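Numbering (the numbering used here), first residue to last: 1 to 606. All residues carry an ideal CB built from backbone N, CA and C; glycine is no exception. Just so we're clear, the structure is a prediction, and the values are computed from it rather than from any experiment. Written out below as structure tokens is the structure these notes cover.
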């Protein structure tokens, strides 16, 4: 029997191993503690600012490892150790104005040529490297107030259609409305009407100082609003985290109205804070052409209308009642309009009858798109588009008049979903390794000791074949690290345990093969045939055993969270790489060493 391993497979294996080495190398270089400076609200970070930062650090006897512009809006200052990084952050923060965001960061120290081909180190989880911790507070009271405003805006129409007359309708204390009547008969009629239609309302009546009917949300309705708001906020934050591309993130509820967000290995903390902390949505409203804008400018309020200023500070009077809100948006993507300018393509769903009817009936009139942003309990509204309606709008249309960055951020926020309530970051911190540096060191020691013991045992017990298995095992470790780096997987402490388990399972496959070769040799089969049968017959057993473990790993990843997912990721990837190295890789070496021999005796171990 001649060498049954084709030459093209050797080339393929060598190519795979070389690529694996290239993508595993970045993990050797580690990361530098850094301070990231980002311009806010369009503020540009330029060479002049870099010079100013360098001078400020020099005055405090701090020498950065490297300082460079990352983009036109960000600068990264690298340091040799975390202590210097922390000192530099405070110095830079004091030296700059509020127009800049100064945040701690960890920047990969990978050489530039590896960056060019997308070779980056693995992300480390909070338990190994740390990351960003946000404690966010959800303003549920604003949702309750909006619900009450909705009831209050519908009441006049409901009472008018039922021919129930009232004197005055007003909001009391933000969470209650009060209607005054001329007589008790009208009050009682309104009570009966609202009792039937407003099941979420708790109604009260009184005769002093006037005949009135007041209403507020019932306790069950308030509890339902709180639960729905928190659940939707969690879902939206998870979507935004996914949009940021953060793996192994933790988004969970804390207390009645707070949410914890932990982003391990986040590279752009300033951008993450900006995206997560925003509540951004859109409102589509018609321009008010019934009232004179001069009257509003002179200080005379107009019911049902509000004054806005566009980006050129030109006043525009818009109706307060929107014809479409961001809740109806189901998708958004960046693109270009017919003139090549940045645009956001928006898809809407659900009941858009009012939107379609209004745009159809107001062709030739102007409609405004209002960008509503809430951050740190402050809400700002700005007109991002003011255009004449050319035809009835349907489920797909474009928003223009934005810069490239504004279009990208708006599409991201709309894709991730609008927050149901304003969310503010009440606590922000850089989380250090939760297990401490000792656990990190012990985790690496466990891999080294486990790998070393396996290498010694295989080399001693199976001699030359054991060395072959060891080579395949090292190749397996390289490929495992390369794949995790390439796909951006996050390594956690349980993930290290998964690597150790994977190494043991990879050797187990070689043990099955070598024992089968021994058995064939004991039965008098020729050495070449024994090698061939050992790999062929053991392959099915190896696949079956690894497949069952792979299924368990996939289930763990699907239903698990946090540490469980970290373990499952390394386990699943390790099983796939071990199938390649323990069977095909080790067989290639065996065939290369023994394939040309003519029935010369082969000894498998002691």
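Residue i burial status per 10 Å Cβ neighbour count (16 or more: buried)
i, result
"residue 502", "buried"
"residue 131", "buried"
"residue 558", "exposed"
"residue 522", "exposed"
"residue 570", "buried"
"residue 273", "buried"
"residue 2", "Any reading at residue 2 needs caution, since the residue's pLDDT is 46, under 50, leaving its predicted position unreliable; the model's value is listed next. Under this definition residue 2 is an exposed residue."
"residue 423", "buried"
"residue 298", "exposed"
"residue 122", "buried"
"residue 195", "exposed"
"residue 565", "buried"
"residue 183", "exposed"
"residue 227", "exposed"
"residue 591", "buried"
"residue 88", "buried"
Pairwise C-alpha distance: residue j and residue i
i, j, result
"residue 76", "residue 114", "19 Å"
"residue 57", "residue 90", "10 Å"
"residue 364", "residue 391", "8 Å"
"residue 553", "residue 30", "28 Å"
"residue 366", "residue 319", "11 Å"
"residue 407", "residue 478", "41 Å"
"residue 382", "residue 232", "25 Å"
"residue 537", "residue 251", "48 Å"
"residue 178", "residue 83", "60 Å"
"residue 70", "residue 335", "24 Å"
"residue 593", "residue 527", "12 Å"
"residue 17", "residue 475", "7 Å"
"residue 482", "residue 507", "20 Å"
"residue 471", "residue 586", "8 Å"
"residue 229", "residue 419", "9 Å"
"residue 352", "residue 321", "15 Å"
"residue 369", "residue 325", "10 Å"
"residue 496", "residue 450", "11 Å"
"residue 11", "residue 5", "11 Å"
"residue 203", "residue 191", "7 Å"
"residue 465", "residue 604", "6 Å"
"residue 294", "residue 219", "45 Å"
"residue 239", "residue 556", "21 Å"
Nearest to residue i (by Cα), restricted to the options the options
i, options, result
"residue 340", "404, 447, 324, 63", "404"
"residue 62", "68, 70, 53", "53"
"residue 99", "129, 37, 442, 219", "37"
"residue 547", "534, 567, 219, 573", "573"
"residue 175", "166, 141, 577, 182", "141"
"residue 282", "307, 156, 380", "380"
"residue 358", "567, 263, 287", "287"
"residue 147", "209, 485, 200", "200"
"residue 139", "64, 106, 257", "257"
"residue 157", "193, 443, 188, 127", "193"
"residue 443", "186, 389, 498", "498"
"residue 641", "372, 387, 207", "Shown here, the chain extends from 1 to 606; a query on residue 641 therefore has no answer."
"residue 214", "205, 314, 259", "205"
"residue 119", "166, 27, 23, 208", "23"
"residue 216", "210, 484, 152", "152"
"residue 264", "160, 493, 188", "493"
"residue 144", "225, 11, 60", "225"
"residue 163", "183, 169, 531, 189", "189"
"residue 348", "542, 396, 51, 309", "396"
"residue 394", "323, 512, 259, 373", "323"
"residue 35", "7, 66, 237", "66"
"residue 512", "372, 462, 135, 212", "462"
"residue 117", "467, 485, 107", "485"
"residue 25", "480, 534, 292", "480"
Nearest-angstrom beta carbon gap, residue j and residue i [assumed within contact, 8 Å]
i, j, result
"residue 79", "residue 111", "Not a contact, Cβ separation roughly 19 Å."
"residue 490", "residue 39", "Not confirmed; about 29 Å, so no contact."
"residue 45", "residue 74", "6 Å"
"residue 583", "residue 509", "7 Å"
"residue 402", "residue 344", "7 Å"
"residue 575", "residue 549", "6 Å"
"residue 136", "residue 261", "6 Å"
CB contact check: residue i to chain D, cutoff 8 Å
i, result
"residue 255", "Absence of chain D from the displayed structure is noted, only one protein chain being present."
### Task
Would you list, in sequence order, the uninterrupted beta strand (DSSP E) runs of no fewer than 3 residues that lie entirely inside the region 70–100?
74–78
### Message
In chain order, what are the residue ranges of uninterrupted alpha helix (DSSP H) at least 4 long that sit wholly in the region 139–197?
### Response
140–161, 184–197
### Message
Quick check for students: name the residue ranges of the beta strand (DSSP E) that lie wholly in the region 422–510, counting only runs of 3 or more.
### Response
423–431
#### Entry: Start-end ranges of the beta strand (DSSP E) lying completely within the region 284–360, minimum 3 residues
305–309, 315–319, 329–336, 342–348
### Query
Which runs of the beta strand (DSSP E) spanning at least 3 residues fall entirely within the region 523–562, listed in chain order?
none
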